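**Q** Its first residue numbered 607, the sequence shown is counted upward by one per residue in our numbering.
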Amino acid sequence: MTAPIKLLSARSAWHPTALLVVLTVWLGTVGNFPFWMAIWKLPETEGFRALTTMASLWLILLGLVGWFLCLWVWPRWLKPAAVAMLLTVTSSSYFMLTYGVVIDPSMLANVVQTDVREVRDLLSWPMLMALVVGVILPGIWLWRQPVRAVNAKPLILRQLGVSLLALLVALGLFWMSFQDIASLTRNHKHLRYMINPFNSVYAVTRLFVGQAAQAAQPLQAIGDDAKVVAPVSTADQAPLVVFVLGETARAANFGLSGYARDTTPQLRKLQTQGDLTYFSDVKSCGTSTQASVPCMFSHLGKAAHEGNQQRFESLLDVLQRAGLAVLWLDNQSGCKGVCDRVPNVSTTALNVPEFCKDGECLDEVMLHELPKQLAALDPAKRAKGTVVVMHQMGSHGPAYYKRSPDAIKQFLPECSSHALQNCPPEQIVNAYDNSILYADHFIAKTVHWLQAQSRPTALMYMSDHGESLGEKGLYLHGMPYSMAPKEQTHVPMVVWLSKPMQRQRGWSMSCLQAQSGKALSHDNLFHSVLGLAQVQTRLAKPELDIFSACSAAR
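1. Please state whether the Cβ-Cβ distance between residue 924 and residue 828 is less than 8 Å.
2. In its own chain, which residues sit with a C-beta less than 8 Å from the C-beta of residue 634, not counting the 5 before and 5 after it?
3. Helix, strand or coil, according to DSSP, for residue 852 in the structure here?
4. Pull up the DSSP beta-bridge partners for residue 679, would you.
5. With distances taken Cα to Cα, identify the nearest neighbour of residue 824 among 917, 1112, 811.
6. Closer than 8 Å by C-beta to residue 838: which residues in its own chain qualify, once you throw out the five before and the five after it? Chain order, please.
7. Quick check: what's the CA-CA separation for residue 769 versus residue 675?
8. How would you label residue 746, buried or exposed, when you count the other beta carbons within 10 angstroms and need 16 or more for buried?
9. Do residue 754 and residue 619 have their C-beta atoms within less than 8 Å of each other?
10. Can you give me the Cβ contacts of residue 1122 inside the same chain, cut-off strictly under 8 Å, excluding the 5 residues immediately before and after it?
11. Enumerated in chain order, which unbroken segments of the beta strand (DSSP E) with a length of 3 residues or greater are wholly contained in the stretch 1036-1120?
12. In chain order, what residues of the same chain have a beta carbon less than 8 Å from the beta carbon of residue 1105, not counting five sequence neighbours either side?
13. Note down, in chain order, each residue of its chain lying with its Cβ closer than 8 Å to the Cβ of residue 1146, except the 5 sequence neighbours on either side.
14. By alpha-carbon positions, which one of 857, 1139, 1091 ends up nearest to residue 1110?
15. What's the gap between the Cα of residue 940 and the Cα of residue 966?
16. Rounded to the nearest angstrom, what separates residue 1156 and residue 831 at their Cα positions?
17. Would you mind sorting residue 714 into buried or exposed? The rule is 16 or more other CB atoms within 10 Å of its CB.
18. Could you spell out the range, first to last residue, of the beta strand (DSSP E) harbouring residue 887?
19. Measure from the alpha carbon of residue 689 to the alpha carbon of each residue in 1144, 728, 629, then state which is nearest.
20. In whole angstroms, what separates the C-alpha of residue 627 from that of residue 679?
21. Hey, quick one: how far does the beta strand (DSSP E) through residue 786 stretch, first residue to last?
22. Compare the Cα-Cα distances from residue 740 to each of 692, 773, 765 and report the closest residue.
23. DSSP on residue 1176, reduced to helix/strand/coil?
24. Since residue 997 sits in a beta bridge, which residues does DSSP pair it with?
25. Starting from the Cα of residue 1028, find the closest Cα among 970, 703, 641 and give me that residue.
26. Determine the direct distance from the alpha carbon of residue 859 to that of residue 1013, and round the result to whole angstroms.
27. So what does DSSP say about residue 1008, is it helix, strand or coil?
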């Protein structure tokens, strides 16, 4: 009786390649649900020809997935690899469906750089349900399936044969449908980054190969000739420059930008007093913190910075080399390597009850910490001048409602869910606008603190990137720059100069105001901060320094 039972068991077990075919069909259909939904909504996908194009795309995708799985997934690690694949495609599908994002190297870099606070903001019941449906249930079924033991040589030949056949079928169908498919992907580039699991494989490969290549490069010093061109004779004349690095603030919702709501009342008051200028046409270097921040503080500029494999020091190194005191205060997920060689402090280690709750701090905690950290800097360097960077939590989503205290909130009701798609659009905008109101409060409060100092002071504010609030079905940020909407790339920028600073530099605010409508970008930051701090180096480009015109007009 034993032998027949064993025979029945062997016959009922899955052949490894057959189980891969089942996984292929799942990944090509359910695992690519956002991709198929995006195609279905396109105007081109109507009529008989559109149906044939979609059918060809489906078969091509099945062929490519089958080729990939049969080439790389073998019985020894079939089940763990399958579960990992389910987790990958379900996670990426959830974020693509929920926030309208795509999966590319910059988006993956955001994931890698995300801290515990940001992960907590992204967790939600809809995400849990997606993991149950897309990972846990099919994963349990797959894990419980018996897999037939097959001799190695026949298995290798069969699986490689199936892989080759799948690839040939995919290539043949692609050749037959090339005109329609090429037109579709050329007109809708975002589709290229929505194909699971290849979007994730490409992003991982591109990101980590690029990072490894760059990490292997020696760090190159820059600005070895940097020096302060207008040294001060007394400590009271040593300037203090504060750069507020905004987070996720888009110009479209900035009151000074002409937004219907007055989300910047305190900055508008400072502007009316004549000491503050708002720059209305500023473009970001990237659509994420990971992309923008290193680019902002680089001497290379956006065009040269993208794709650069060498490692260079940042603006902060140049300022420090010139003899100035430099400080980075961070209320975000780090400085992305920019501040590694200068004094830096993260608010994650602080516990100030007035500003901190549940492991997160409001941005005002940095201003609370600033005097103590300034006092700890080298007195000899402070006597020449000080540059401080305060990196905001700003309007970081999706939990916009957490970014402003109750006393600030004016636009109600707010979306208080992390799953933005579950909130009415007006409530999402309310929560976001309240975060801009708080940024206005924080910047103005910093200006008031600077006004109380006896030495010349200045403040610059610039956001790292913008944000999508549901326009065209997009939420958050991180779209590839070439296809990113204006909401993610048009950012606010503000400059405030104290009266002593204006007198010391010989600059007039009317000179800055005359440039407020010029087309600027993150490329201007490096050179403008050098000009504001009066640091001379051959790296400086006067044409990118917004203060150089005012210096020339003296």
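Note that beta-carbon positions come from the ideal geometry of N, C-alpha and C, so glycine has one too.
All values reported here derive from a predicted model rather than from experimental measurement.
**A** Checking against the coordinates, here is how it stands:
1. yes
2. Answer for residue 634: 664, 667, 668, 671, listed in chain order.
3. strand
4. None; residue 679 has no bridge partner.
5. 917
6. 844, 845, 989, 990, 991
7. 8 Å
8. exposed
9. yes
10. 883, 884, 885, 886
11. 1063-1069, 1096-1103
12. 881
13. 1133, 1136, 1137
14. 1139
15. If you take the alpha carbons of residue 940 and residue 966, they lie about 14 Å apart.
16. So the alpha carbons of these two residues sit roughly 24 Å apart.
17. buried
18. 882-889
19. That would be 629, whose Cα lies nearest to the Cα of residue 689.
20. Within the model, the alpha-carbon separation for residue 627 versus residue 679 is close to 11 Å.
21. Unbroken run through residue 786 is the alpha helix (DSSP H), 784-793; no beta strand (DSSP E).
22. Per the Cα distances, 692.
23. Residue coverage of the chain in this structure runs from 607 to 1160, which leaves residue 1176 outside it and unanswerable.
24. 851, 936.
25. For the options 970, 703, 641, the alpha carbon positioned closest to that of residue 1028 is the one of 703.
26. Taking the straight line from one Cα to the other gives about 20 Å.
27. helix
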